[in-house]
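A quick write-up on the structure given underneath.
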Amino acid sequence: MNNVLILEDLKDAQVWLSEAVLMAWPQARLTLYERVGHALTALDLGPPDLCLVDLQLPDGSGIDFIRECAQRYPDTFLVVATMYDDDMHLFPALQAGAKGYLLKDDSQTQIALALEGVVRGVPPLSPQIAQRMLSYFQQDGSVVHRWRPEAACNEDDAGLSEREREFLLVIGNGYKTAEAADMLGVSYHTAAKHIKNIYAKLGISSRAQAVQEAIRMGLIN
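For the sequence shown, the working numbering gives the first residue as 1258, with consecutive numbering after it.
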């Protein structure tokens, strides 16, 4: 891995992740960004070999960067580096194109070893994340079926966009507007607008009905 992009807004975390990358690949050239917009602009310069991406950034969600980079440069290895170990962050990140998911609770040595596995075709996953994914395979038979909002798109989805299905998944699991905004990396106003659009398209007016619709569309079990 020669060119490594790190998208992380906290300076200490930038240094910590940079040191972990250099433990794995001492020759790597690092570029550091604090905002999604700046990192997206940097993609115009060419494909990074590897990106380490935090999920909560000052100007949006790292998932948006992952989605855009995966579309433009399918060979770039996209790895989440975050504190969030819950399903609401994990599965949307994988859906967007992340090929690994590491927790900042891991030691630098663990992070470095996980990253080294990339060149051997081993997805870099924190043990806690690997166990969570395994549990869903065992329960469901398919993580993708359960957690890909676009998989639930059918003639009964009332024309919801992919982003609106993501919000329906979140509020269908009982999270409030402010929590949904935080999970999906948008402002409260933007989240409220998405939820209002969902209610209008589905012809509903309560959270209880939103849960019923999410179940009907196969977003949650």
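For every residue, glycine included, the Cβ atom is placed at its ideal position computed from N, Cα and C.
Asked	Found
Inter-stretch contact (C-beta, 8 Å, three-pair minimum) for the stretch 1338 to 1345 and the stretch 1359 to 1369	yes
Where Y1290 sits in the DSSP three-state scheme	strand
Alpha helix (DSSP H) segments (min. 4 residues) lying fully within the stretch 1332 to 1360	1344 to 1353
With 16 other Cβ atoms within 10 Å as the buried cut-off, status of P1496	Coverage of the chain is limited to positions 1258 through 1478, which leaves residue 1496 absent and any answer about it impossible.
Short Cβ contact (8 Å threshold) for V1337 with V1310	yes
V1261 versus A1457 - alpha carbon distance	43 Å
Endpoints, alpha helix (DSSP H) assigned at L1370	1365 to 1373
N-terminal and C-terminal residue of the beta strand (DSSP E) that N1260 is part of	1260 to 1264
Delimiting residues of the beta strand (DSSP E) encompassing V1310	1307 to 1310
Neighbourhood of H1451 by C-beta, 7 Å cutoff - its chain only, sequence neighbours within 5 removed	R1420, E1421, F1424
8 Å Cβ cutoff met for Y1290 and A1299	yes
E1421 (DSSP reduced to helix, strand or coil)	helix
Outcome for G1317 when other beta-carbon atoms lying within 10 angstroms are tallied against a minimum of 16	buried
Residues bridged to S1318 (per DSSP)	Q1313
Continuous alpha helix (DSSP H) stretch holding S1452: start and end	Note that residue 1452 corresponds to Ile in the displayed sequence, not to Ser. Per DSSP, I1452 belongs to the alpha helix (DSSP H) from 1445 to 1459.
C-alpha gap between A1327 and Q1466, whole angstroms	34 Å
Where L1382 falls: helix, strand or coil (DSSP)	strand
Residue span of the alpha helix (DSSP H) that contains Q1284, given as start and end	Where Q1284 is concerned, there is no enclosing alpha helix (DSSP H), given that its DSSP letter is neither H nor E.
Cβ-Cβ distance between A1270 and I1320 below 8 Å	no
Inter-residue spacing [alpha-carbon to alpha-carbon] between Q1367 and G1416	44 Å
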